[in-house]
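Take a look at the structure below.
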Amino acid sequence: MLAQLGIDHQVRSIISSSLLAVCSTHVFVSIAWDCQEVVNIKNLMQIDAGLGQVVATDTSQIPYYLVGDEWIRLPGSLKHITVGPAGIWGINKADSIHKYVAGNWVQAAGLLKQLDAGGEQFIVGANVDDTPYCLTRSATVGYKGPGSPLPWTGLPGSVKYSSCGPFGCWAVNKNDDIYLMSLNQDCQNNGWSHIGGKLSMIEVATDGGVFGVNSAGHVYTRDGITASKPEGTGWSNVPMYMPMKHVTYDLGRLWVISNSGFTMVCTH
10 MLAQLGIDHQ VRSIISSSLL AVCSTHVFVS IAWDCQEVVN IKNLMQIDAG LGQVVATDTS
70 QIPYYLVGDE WIRLPGSLKH ITVGPAGIWG INKADSIHKY VAGNWVQAAG LLKQLDAGGE
130 QFIVGANVDD TPYCLTRSAT VGYKGPGSPL PWTGLPGSVK YSSCGPFGCW AVNKNDDIYL
190 MSLNQDCQNN GWSHIGGKLS MIEVATDGGV FGVNSAGHVY TRDGITASKP EGTGWSNVPM
250 YMPMKHVTYD LGRLWVISNS GFTMVCTH
């Protein structure tokens, strides 16, 4: 795969070794990452990891679920998929929302362009107008299909991408501004707090870690996040040898997708 991309032997050797973080004004430490090519899946568009599970969609909008080293094709066609404490949910090209129930996709009321199942069994998402929404824990867990209540709660502000973890929900808007909100299982919140930096997408891991990609394809992680300091202390660069478009993290593994659909999994 690397040879097909026109990358010479010397660069491939560098890729297979630890990648060292480059110091900048936003980096506090140098972190070594060992990144390996994911060879048995091609042309991924989006990926999400949570609670030890990994799901993804490719450029043909085919959804997958990772079992061992094998990517199992799921039914249906999805442009976005998410997995976490709230289960497995997805969105198709018409922005229709679906929950994975007993091996099949069950459509849910509403339209969203992006959603995230990483909260404490609640869902967040954004529609085509960048209006953010939240679905309570009781509605999320209890949804079985048509007839189950789906009381979507509108959230303040305007965001294009959001993701939640144990210490809060992070989001970015159309200007790539970054925000953090404290949100509970009933969708009660204290509004968004602005966080310095610029990212085009952001993901929160089930352990509270935060990773994102900026418009230049550079990957960053948030340092110093704790329950008592959910905003953390600053951003560190995770250097990659090509521009990336999507990132997700779970249980020590960082999954990244390049602009060309090349996928890697990194550990440190």
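Numbering follows our numbering, with no gaps: position 128 of the sequence shown is 137.
Think of the CB as a built atom: it goes at the ideal place given N, C-alpha and C, for glycine as much as any other residue.
For clarity, every value in this text was computed on a predicted model and none was experimentally measured.
- Only exposed fits residue 165, as fewer than 16 other CB atoms lie within 10 angstroms of its CB.
- The count of Cβ pairs closer than 8 angstroms, one atom from the stretch 116-124 and one from the stretch 75-83, stays below three, leaving the stretches out of contact.
- For the options 178, 143, 101, the alpha carbon positioned closest to that of residue 161 is the one of 143.
- Within the DSSP secondary-structure output, residue 93 pairs in a beta bridge with 96.
- Just measuring C-alpha positions, the residue of 85, 96, 93 sitting nearest residue 105 is 85.
- When the beta-carbon positions are compared, residue 117 and residue 96 stay at least 8 angstroms from each other.
- Along the length of the stretch 99-171, whole beta strand (DSSP E) runs at least 3 residues long occupy 105-110, 113-120, 123-125, 132-135, 141-144, reported in chain order.
- Distance from the CA of residue 94 to the CA of residue 245, rounded to the nearest whole angstrom, comes to 27 angstroms.
- In the structure shown, the three-state DSSP call for residue 72 is strand.
- For residue 184, the secondary structure class from DSSP, reduced to helix, strand or coil, is coil.
- Two segments are said to touch when three or more pairs of C-beta atoms, one from each, lie closer than 8 angstroms; by this definition the stretch 149-160 does not touch the stretch 206-218.
- Closest in C-alpha terms to residue 187, from the list 223, 153, 176, 214, comes 223.
- Residue 55 places its beta carbon 8 angstroms or farther from that of residue 274.
- The criterion of a C-beta distance shorter than 8 angstroms is satisfied by residue 200 and residue 190.
- DSSP places residue 47 outside both helix and strand once states are collapsed to three, so it counts as coil.
- If you ignore the 5 residues before and after residue 130, its C-beta comes within less than 8 angstroms of the C-beta of 94, 95, 146, 149, 150, 194, all in its own chain and listed in chain order.
- If you look at residue 253, you'll find it in the beta strand (DSSP E) that goes 253-259.
- Residue 78 carries a coil assignment under DSSP once its states are collapsed to helix, strand and coil.
- Excluding sequence positions up to five before and after residue 154, its CB lies within less than 6 angstroms of the CB of 115, all in the same chain and listed in chain order.
- Taking a C-beta distance under 8 angstroms as the contact criterion, residue 88 and residue 62 do not qualify as a contact pair.
- Taking the Cα positions, residue 42 is about 14 angstroms away from residue 256.
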